[in-house]
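A.B. asks:
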Ligand SMILES: O=C(O)CCC(=O)C(=O)O
Ligand SMILES: [Fe+2]
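In structure tokens form, the structure reads like this:
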């Protein structure tokens, strides 16, 4: 008897997902359609939705081991930026929390450092997962990001590291926690703290001053798949406590099929390794 349909052969990464609880294969009828409707409603109402146990335990173990084998080749990136990711506003008062730069350090694998045959890359490239991500966000079109460095990243925060507060440059961010920290390392956010027109500056200033009392967080064990409106919700990760690093995959999508970042931005994010790749390429092209 054939145990796999043709579709499963071409989308093996689906084997990592707990499809009983998260029926993403058929979103047009029955349990899949009901599940999709719940996801859409949660994003609309609260600006996020998250699925603990999305990846089943054996899958999480395989993904975490794979990431740990690759991470020694990652660059250590020190990211210094304002929460809006732009240049600081010189005209703002020196003590304005929203105009300051914040720094954090992470071990980060860019997309080009994650081979196509890895499980995490296969999961990211799964057409069924991409379709699920598109439908949850109610986008007419949504593509995996075409940028060779940005598309899929794996970010490790070592003990004592945090991820500084920021807004993302895309509307909705999708993350998969591969390994949780022993404590701390919590994803904390202010859902929908800004719109295209305005920002809830009191709430934002409160979080930036270190008061987390109005911010949200939720339980996220390894294997949790999370959507949040990161472009509109100030967010970050609290300090990792204990001896285990926190490892997270960041999956980037775009409404344009061919979205790439400028060389300048990629060099700013990914540092000297990427600068060398891009410079060598330019040199080769000019010869
Ligand atoms: O690791 C996380 O949970 C969030 C990461 C994040 O905010 C980002 O990469 O922009
Ligand atoms: Fe982010």
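Residue numbers (this note's numbering): 17 to 303.
Glycine included, every Cβ here is placed at the ideal spot set by N, Cα and C.
1. Quick one: measure Cβ to Cβ for residue 163 and residue 277, integer angstroms, because I've assumed they're closer than 8 Å.
2. For the beta strand (DSSP E) holding residue 241, just list the boundary residues, first then last.
3. Could you pull out every residue in the same chain whose Cβ sits closer than 6 Å to the Cβ of residue 75, ignoring the five residues on either side in sequence?
4. Taking 8 Å as the cut-off, does the CB of residue 270 come closer than this to any heavy atom belonging to ligand 2?
5. Leaving out the 5 sequence neighbours to the left and right, which residues in its chain are closer than 8 Å to residue 73 when beta-carbon positions are compared?
6. Given residue 136, which residues of its chain have a CB within under 6 Å of its CB, disregarding the five upstream and five downstream residues?
7. Can you give me the Cβ contacts of residue 285 inside the same chain, cut-off strictly under 6 Å, excluding the 5 residues immediately before and after it?
8. Is the beta carbon of residue 195 closer than 9 Å to that of residue 300?
9. Using a Cβ-based criterion (distance less than 8 Å to any ligand heavy atom), does residue 264 qualify as near ligand 1?
10. Which residues count as close to ligand 2 when the rule is a CB under 6 Å from any of its heavy atoms, in chain order?
11. To the nearest angstrom, how far is the alpha carbon of residue 298 from that of residue 228?
12. For ligand 1, is there a heavy atom less than 8 Å away from the beta-carbon of residue 191?
13. Would you grab the beta carbon distance between residue 252 and residue 181 for me? Rounded to a whole angstrom, and I think it's under 8 Å.
14. Whose CA, out of 254, 244, 256 and 192, lies closest to the CA of residue 59?
15. Just the C-alpha distance for residue 165 and residue 155, rounded to the nearest angstrom, thanks.
16. Assuming residue 273 and residue 159 are in contact, meaning their beta carbons sit under 8 Å apart, how far apart are those beta carbons, in whole angstroms?
17. Do you know how far the Cα of residue 269 is from the Cα of residue 69?
18. Is DSSP giving residue 27 helix, strand or coil here?
19. So, residue 40 versus residue 148, is the Cβ gap smaller than 9 Å?
20. Name, in chain order, the residues that DSSP records as bridge partners for residue 160.
21. Going by the DSSP bridge assignment, what does residue 67 pair with across the sheet?
22. Check whether the Cβ of residue 203 sits closer than 8 Å to any heavy atom of ligand 1, and report yes or no.
23. Closest to residue 191 by CA distance: which of 106, 287 and 65 is it?
C.D. replies: According to the data block:
1. 5 Å
2. 241-244
3. 32
4. With a threshold of 8 Å, the Cβ atom of residue 270 does not count as near ligand 2, since no heavy atom of the ligand is closer than that.
5. 239
6. 79 and 265
7. none
8. No.
9. Result yes, Cβ under 8 Å from ligand 1.
10. 182, 184, 189, 246 and 251
11. 46 Å
12. yes
13. For residue 252 against residue 181, the beta-carbon gap comes to about 4 Å, under 8 Å, which counts as contact.
14. 244
15. Here the C-alpha atom of residue 165 lies approximately 24 Å from the C-alpha atom of residue 155.
16. 5 Å
17. 22 Å
18. coil
19. yes
20. 269
21. 241
22. yes
23. Closest in alpha carbon position to residue 191, among 106, 287 and 65, is 65.
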